[in-house]
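Here the structure is laid out as structure tokens; the discussion comes afterwards.
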Amino acid sequence: MTTHLCYSHQSVRLYSNLCTHACQFKLRLNLNATILLFTTGTMKTEITSWLNEALKDENFERFEVKLGGETEKGDGFVGQMIFVTVEGVTKEGTTKKLDLVLKASKDNEAFRENIGRWAFEKEMHVYEDVFTAFEAFQNQNKVITPFVAYPKCYKCLKLIKKEILVFENLRSLGYELHEKKLCLNLNHTKIVLQEYAKLHALSFALKDQNRKQFDILTGSSKDLMLDFLKRPNTTKNINKLIQSTLTSLSERGQTHLNEKFARISQGGASKMIEVFQTVDDQAVITHGDCWNNNFMFQYKNNDRTAPTAVKILDWQTSVLRSPACDLAMFLTLTSSLSAHLFDQLLKEYHDHLSDFLVQLGSSPDLFTFEDLLKEWKNFIIAASIFAPLGFAFILAEKEDLPEFGEMKEGSDVGDFMDMPIPADEAFYERLIPLIEYVDVITPFVAYPKCYKCLKLNKKEVLVLENLRSLGYELHEKKLCLNLNHTRMVLQEYAKLHAVSFALKDQNKKQFDILTGSLKDLMLDFLKTPSTTKNINRSIQAALESLKKRGDTHLYEKFGRISQGGASKTIEVFQTVDDQAVITHGDCWNNNFMFQYKNNDRTAPTAVKILDWQMCVLRSPACDLAMFLTLTSSRSAHLFDQLLKEYHDQLSEFLVQLGSSPDLFTFEDLLKHWKNFIIAGTIFAPLGFSFILAEKEDLPEFDEMKEGSNIGDFMDMPIPTGEAFYERVGLELDSTFGFMHNGMRRNEMVASISCESRSQTG
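Per the numbering used here, the very first residue in the sequence shown carries number 1402; after that it's consecutive.
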């Protein structure tokens, strides 16, 4: 809440010498000492005149004013706070007492014209017009638990070069500020999100039921936050803090975090401005100033871990903007230690918003969860860009904080934003979870950096970063991936495929240009007579081997699945419909490098996809079928579940990209999968032969002679090791089950058990 006693230190010294004209009051110093000072009758008269106007409706016959103290430097920046107690007698002769806070604008003329006056006029508009309209609207709809999470405002006074708001003193009602430098715990975070849900729902419902009134309330809304961001020195200082943060992360040896934050913060202040100035038809009246000191909490039984109520303060930057802005700024600045729970908190917020919309008589469809995720993607990135500057303010020592009351003519508020990175480890403790969270929802970047592609005379060269120097490793080629590895690759494939769907949806011309010259090397390879012959030969060899081993049930299953042989695979691969996307196309173990933490090779933290030579326009199901067949057949009994998880991630990323999940439904995926998993299974004996072969048995393409082709090198023997049959057996059971049962499609569309996600394979 904004602070500083309304009178200068020079005046205080003067007034203390004029005790013959004074009344006593207390002023709390930064050292928490309390001293007695005196104010002149002139000061008392001025404050009393404000209160005479403000308390006209409070039925006082007469009253006296006792002055309290001031909050400390750093508790607010835009105004000054005067704490007073009013004691008097009503017109009926009864005693009455009010504990009040007078919030007064600063006298500094440069600051007033820069931002101060506009900030107070905005807050007055919120209390006089917006909250009044919200209260009436809630009464009209007979809301049982209305939005009232703001202090009672007795009066807004607009005087000559002075604005004053008179509030109830929340401290007298047991409300407390949270420790500014500490993140909120989940109980505090959730109670604020519940109130934000109500606040935002009121806008949606009022706009839905009385658009004219909503437009009047928001029509003259000045965007102080955007004005602040656009000031050259603000922009400069945001970007300066980003660079300082990147440098600091490198110096701390946290290269992977440096890389992630570099990606997140691309565009710097300009990106943040771009996001903040986007206002669409789903914009609502927001709070806009979402840091710790703008919330006061009430507790029971002295339990400071679980607040029972909250009041939201400081509405000077309230503006028409996406609800996601309040959520992103609030969660970033107050709750980043809970970043791993942001998705869950968003869902809980949206559930509250939907419930309150129903109470208000409107539909939850006014702002779906998909709408929220779409906007959240942009605002959480914008908030992360702002985070270094925000954290610098929150964690700064009092003496390092700006004093806007000292602003001189010709300067602006952006000049005060030159803040150093705090030396406190808390800066990194807040920032790192945020980086890790936001990096998950940032663009598809699961490929090595390419410095240059050189096209020389009969030579092509790609210069790539060395992923090993960044801690990435190849998986053991002959071993199947476990579930953690499989899921990580599928997550990146979901992003890759979603980008194609969204680009095709939003810019078909560009997509067609990108894909028009893609040569189908895999199909050309399959069609060479020697490849066809060797695929069919490996099928027959596998069948004969299964029969000799006495695996009659597998022999029969593979006989049915492999009908058509290489011709069937070619038929499937050459089918390209309107749901084809840019695929990876070369989906075996050696084309993925994984990064780990704490030497735990069972749970990768990142993956890079290599070897894009076979990239082509084809169904997403092709990547999935070939990848799961060649790398993860030990998890074949979970293929159904993995498909559902992949599709959930694809749908979510489509929403983030601004397109509809309906571009590729789960039913569409199953339809494609049916054909490609059969094609993948037909190819499996040859694929497994390559994967399980000893090095000396692998083909050497450098020995190719004129007149031969790559298919001539595909004459691979069936491996004698048991690993071949284990992979084939599991793959056949899964594929045959799909063919026979149709994967129980209705069950697949239903939710997959959460328990199975905990498996690591």
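Note that CB positions come from ideal geometry on N, CA and C, so glycine has one too.
What are the partner residues of residue i, as DSSP defines its beta bridges?
| i | result |
| --- | --- |
| Ala1505 | Gln1481, Ile1565 |
| Tyr1555 | Answer by DSSP bridge pairing: none, since Tyr1555 is not bridged. |
| Ala1942 | In the DSSP output, where bridge partners are listed per residue, Ala1942 has none listed. |
| Asp1500 | Thr1486 |
| Met1697 | Leu1578, Lys1712 |
| Arg1664 | For Arg1664, which the question treats as bridged, DSSP gives no partner whatsoever. |
| Lys2009 | Met1994 |
| Ile1686 | Leu1721 |
| Pro1461 | Note that residue 1461 corresponds to Phe in the displayed sequence, not to Pro. Partner(s): Thr1491. |
| Glu1861 | Lys1856 |
| Tyr1873 | Gln1996 |
| Arg2019 | Val1982 |
Between the options, which has its C-alpha nearest residue i's C-alpha?
| i | options | result |
| --- | --- | --- |
| Ala1729 | Asp1690, Gly2108, Lys1949 | Asp1690 |
| Leu1955 | Pro2021, Leu1560, Asn1937, Tyr2126 | Tyr2126 |
| Pro1765 | Glu2095, Ala1602, Pro2100 | Ala1602 |
| Leu2064 | Glu2097, Gln1980, Thr2006 | Gln1980 |
| Tyr1700 | Lys1492, Leu1571, Gln1644, His1751 | Leu1571 |
| Lys1562 | Glu1596, Lys1591, Val1531, Glu1510 | Glu1510 |
| Leu2093 | Glu1877, Lys1775, Leu1503 | Glu1877 |
| Ala1455 | Cys1554, His2038, Asp2012 | Cys1554 |
| Ala1710 | Gln1683, Val1527, Pro1547, Lys1457 | Pro1547 |
| Asn1883 | Glu1749, His2038, Phe1768 | His2038 |
| Ala1740 | Asn1659, Lys1712, Arg1831 | Arg1831 |
| Leu1574 | Met1525, Val1502, Gln1539 | Val1502 |
| Phe2091 | Glu2104, Ser2109, Phe2114, Glu1957 | Phe2114 |
| Ile1833 | Ile1971, Asn1638, Asn1867, Phe1792 | Phe1792 |
| Phe1768 | Leu1891, Ala1899, Gly1480, Asp1681 | Asp1681 |
| Phe1484 | Gly1469, Thr1932, Gln1892, Thr1449 | Gly1469 |
| Ala2124 | Asp1744, Leu2051, Ser2033, Asn1453 | Ser2033 |
Which term fits residue i, buried or exposed, when burial requires 16 or more other beta carbons within 10 angstroms of its beta carbon?
| i | result |
| --- | --- |
| Ser1723 | buried |
| Leu1437 | Legend: pLDDT at Leu1437 = 30, less than 50; position of this residue unreliable, value from coordinates given subsequently. The residue is exposed, with fewer than 16 neighbouring Cβ atoms inside 10 Å. |
| Asn1431 | Legend: pLDDT at Asn1431 = 30, less than 50; position of this residue unreliable, value from coordinates given subsequently. Exposed, because fewer than 16 other Cβ atoms sit within 10 Å of the Cβ of Asn1431. |
| Pro1633 | exposed |
| Arg2035 | buried |
| Ala2085 | buried |
| Leu1560 | exposed |
| Ile1617 | exposed |
| Thr1440 | For Thr1440, the predicted structure reports a pLDDT of 42, less than 50, and the residue's modelled location is therefore unreliable. The matter cannot be settled from this model. |
| Glu1720 | Note that residue 1720 is Val in the sequence shown, not Glu. Burial call: buried. |
| Lys1498 | exposed |
| Arg1869 | exposed |
| Lys1799 | exposed |
| Val1862 | exposed |
| Leu2099 | exposed |
| Pro1930 | exposed |
| Ile1914 | exposed |
| Tyr1829 | buried |
| Thr2161 | Residue confidence is low: Thr2161 scores 36 on pLDDT, short of 50, so the model does not pin down where it sits. Its coordinate-derived value is still stated next. Exposed is the call here. |
| Cys1854 | exposed |
| Thr1984 | buried |
What whole-angstrom Cβ distance do residue i and residue j have, given they're in contact under 8 angstroms?
| i | j | result |
| --- | --- | --- |
| Leu1578 | Met1697 | 6 angstroms |
| Thr1635 | Met1818 | 5 angstroms |
| Ala2080 | Lys1969 | 7 angstroms |
| Ser1736 | Cys1584 | 6 angstroms |
| Asn1640 | Ile1795 | Not confirmed; about 19 angstroms, so no contact. |
| Lys1896 | Phe1845 | 4 angstroms |
| Phe1902 | Val1977 | Not a contact, Cβ separation roughly 15 angstroms. |
| Asn1542 | Gly1872 | Not a contact, Cβ separation roughly 57 angstroms. |
| Leu2011 | Phe2040 | Not a contact, Cβ separation roughly 24 angstroms. |
| Glu1776 | Ala1725 | 4 angstroms |
| Lys1467 | Thr1486 | 5 angstroms |
| Ser1939 | Met2117 | 7 angstroms |
| Tyr1551 | Phe1532 | 7 angstroms |
Taking 7 angstroms as the CB-CB limit, is residue i close to chain C?
| i | result |
| --- | --- |
| Thr1929 | Note that chain C does not occur in the displayed structure, where there is just one protein chain. |
| message | Under 8 angstroms, with one C-beta from each stretch per pair, do the segment 1517-1532 and the segment 1553-1569 reach the 3-pair mark? | response | Taking 8 angstroms as the limit for Cβ pairs, the verdict is that the segment 1553-1569 does touch the segment 1517-1532.
| Are at least three pairs of beta-carbons, each pair with one atom in the segment 1829-1841 and one in the segment 1783-1797, less than 8 angstroms apart? | The segment 1829-1841 is in contact with the segment 1783-1797.
| said: Taking 8 angstroms as the cut-off, does the segment 1774-1782 touch the segment 1617-1629 (at least 3 CB pairs, one atom from each stretch)? | reply: In short, these stretches do not touch, since the Cβ pair count stays below three.
| request: Taking 8 angstroms as the threshold, find out whether the segment 1980-1995 comes into contact with the segment 2021-2035 through three or more Cβ pairs. | output: Contact holds: three or more Cβ-Cβ distances are below 8 angstroms.
| said: Below 8 angstroms, how does it come out for the segment 2013-2022 and the segment 2065-2079: are there three or more Cβ pairs, yes or no? | reply: Touching, yes, given that three or more Cβ pairs across the two stretches are closer than 8 angstroms.
| message | Does the contact criterion of 3 or more C-beta pairs under 8 angstroms hold for the segment 1747-1763 versus the segment 1596-1611? | response | Using a Cβ-Cβ distance cut-off of 8 angstroms, the segment 1747-1763 and the segment 1596-1611 are in contact, since at least three pairs of beta carbons, one from each stretch, lie closer than that value.
| Touch test, the segment 1919-1929 against the segment 2053-2072, Cβ-Cβ under 8 angstroms, three pairs minimum | No contact exists between the segment 1919-1929 and the segment 2053-2072.
| message | Closer than 8 angstroms is the cut-off here; do at least three beta carbon pairs connect the segment 2044-2061 with the segment 1901-1917? | response | Contact holds: three or more Cβ-Cβ distances are below 8 angstroms.
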